[in-house]
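Undergrad: Sharing a structure below in structure tokens format, with a few things to ask.
Protein chains: 2
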Amino acid sequence: MTEPKIVLASKSPRRHELLRNMGIEFTLMVPDVEETYADDLPVRMVPAFLSSKKANAVVEYIRQDQLIIAADTVVLLNDRIYGKPANEAEAIEMLQMLSGNMHEVITGVTIKSKEKEITFAELTRVYFRRLSNEMILHYVTKYHPYDKAGAYGIQEWFGYVAIEKVNGCFFNVMGLPTSRLVKELIPFGIDVTAS
Amino acid sequence: MTEPKIVLASKSPRRHELLRNMGIEFTLMVPDVEETYADDLPVRMVPAFLSSKKANAVVEYIRQDQLIIAADTVVLLNDRIYGKPANEAEAIEMLQMLSGNMHEVITGVTIKSKEKEITFAELTRVYFRRLSNEMILHYVTKYHPYDKAGAYGIQEWFGYVAIEKVNGCFFNVMGLPTSRLVKELIPFGIDVTAS
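Sequence order for the protein chains is W and R. First residue of the first sequence? That's 966 in our numbering, and the numbers climb one at a time after it. First residue of the second sequence? That's 966 in our numbering, and the numbers climb one at a time after it.
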């Protein structure tokens, strides 16, 4: 059996890096979707819904031997979704909300071929230390975290100094639950742990 | 007040990288100590004891305005310490023991100037998926994890595919509890979160 060729439906540079570090070769196909969902969709189901939406937006373009991986990551604090900050003020406000608190990061992942699709979600709890306004301002103005849900990158300077602990998959916070993905790829004929 | 100059008493390349990523400049002074301890020392106290031993081995060489950071990391499974594997067979055996189980990683850290010393330890629980012998062999022969306690690097390919979740500080598993260290450095006049 020939291994299917992976198509990553994501423009996130973190996801590109994660997949490469997992030893998975892939091509990119960026989905053109509006990240909208029904008002009555439970917030914890949003990332799974959006990952499926992204996968379905590119499925007509893939070949029979290709396999799509799509994902969506959200930050949740007190059951409210924090998306990407629109500007500096919003980024500062988000980080002030997260300071000293636990928040949840959920990544939804869809694996889809022409024949079948599975979608799953993984939740990681992240505990921030109390952050000074000075530190938040320093991070936002220096690192411009506008392309990141919740306004921070766990793999940046900020992650090293602000995060007290995580409970769950660390890489999930970066955008992909890597070891869970390894497991879910096996029924699709891909085993990255085989040499 | 002039900021004291950091001296890192560790030859671990992971610790060098972590400290750099925290935005801390440092010079290196590798301690020449035997990593031995009394038989009746409780295993959970070993890393703190050894980090202090390392710091004290270099203290006579530092200047009044310098500050030592020393650390020691151990892997514990069922209260037994797993150190660095001596060879391929030992590395494979260690990873087979860790497979499918939770283990603890404790890093002891000592911060020491000419005047004062503090030592603390941080514990992270790491949960491995069940690993095939094939995968373990692939990792050991390709990555040669002989310089790593427990025979794995969480920041390598292995970390992405084998670790189901962590509970605690992720960077602690790499060798330094970074956000805790930030906090403990403040009484020594170092605040890496100030811009």
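Cβ coordinates follow ideal geometry from the N, Cα and C atoms, glycine included.
Is it a yes or a no for the segment 977 to 986 of chain R touching the segment 1046 to 1054 of chain R, going by three-plus beta-carbon pairs under 8 Å?
TA: no
Undergrad: Against Leu-983 of chain W, what residues of chain R qualify as contacts under a CB-to-CB distance less than 8 Å, listed in chain order?
TA: Tyr-1125
Undergrad: DSSP has Glu-1082 of chain R in a bridge; who is on the other side?
TA: R:Lys-1077
Undergrad: Please classify Pro-1012 of chain R: is it buried, with 16 or more other beta-carbons within 10 angstroms of its beta-carbon, or exposed?
TA: buried
Undergrad: What residue range is occupied by the uninterrupted beta strand (DSSP E) comprising Glu-1129 of chain R?
TA: 1128 to 1133
Undergrad: Along chain W, in chain order, which residues have C-beta atoms closer than 7 Å to that of Ser-1064 of chain R?
TA: None at all; the shortest Cβ gap to chain W is about 12 Å.
Undergrad: For Phe-991 of chain W, return the contacting residues in chain R, with the cut-off set at a CB-CB distance below 8 Å.
TA: Correct list: empty, because the minimum Cβ distance to chain R is about 14 Å.
Undergrad: Just tell me which of R:Arg-1028, R:Asn-1043, R:Leu-1042 and R:Val-1023 has its CA closest to the CA of Ala-1035 of chain R.
TA: R:Val-1023
Undergrad: Roughly how many angstroms separate the alpha carbons of Leu-1063 of chain W and Phe-1093 of chain W, rounded to a whole number?
TA: 7 Å
Undergrad: Taking the alpha helix (DSSP H) that Thr-1143 of chain W belongs to, which residues open and close that run?
TA: 1143 to 1150
Undergrad: Where Ala-1020 of chain R and Gly-1133 of chain R are concerned, what is the direct C-alpha to C-alpha distance, given to the nearest angstrom?
TA: 25 Å
Undergrad: Just the chain R side, please: which residues come within less than 9 Å of Asn-1043 of chain W by C-beta, in chain order?
TA: By Cβ distance, chain R contributes nothing, its closest Cβ being about 22 Å from Asn-1043 of chain W, past 9 Å.
Undergrad: Hey, which unbroken runs of the beta strand (DSSP E) at 3 residues or more fall wholly within the segment 1024 to 1071 of chain R?
TA: 1031 to 1042 and 1045 to 1047
Undergrad: Using 8 Å as the cut-off, can you tell me whether the segment 1095 to 1103 of chain W makes contact with the segment 1073 to 1082 of chain W, which would need three or more C-beta pairs spanning the two stretches below that distance?
TA: Under the 8 Å Cβ criterion, the segment 1095 to 1103 of chain W does not count as touching the segment 1073 to 1082 of chain W, having fewer than three qualifying pairs.
Undergrad: Please report the straight-line C-alpha distance between Phe-1014 of chain R and Glu-1087 of chain W, rounded to a whole angstrom.
TA: 38 Å
Undergrad: Closer than 8 Å, Cβ to any Cβ of chain R: which residues of the segment 1063 to 1088 of chain W, in chain order?
TA: none
Undergrad: According to DSSP, is Ile-1101 of chain W part of a helix, a strand, or is it coil?
TA: helix
Undergrad: Between which two residues does the beta strand (DSSP E) carrying Leu-984 of chain R extend?
TA: Following the DSSP letters along the chain, one finds Leu-984 of chain R in no beta strand (DSSP E) but inside the alpha helix (DSSP H) bounded by residues 978 to 986.
Undergrad: Helix, strand or coil: which one does DSSP assign to Val-998 of chain W?
TA: coil
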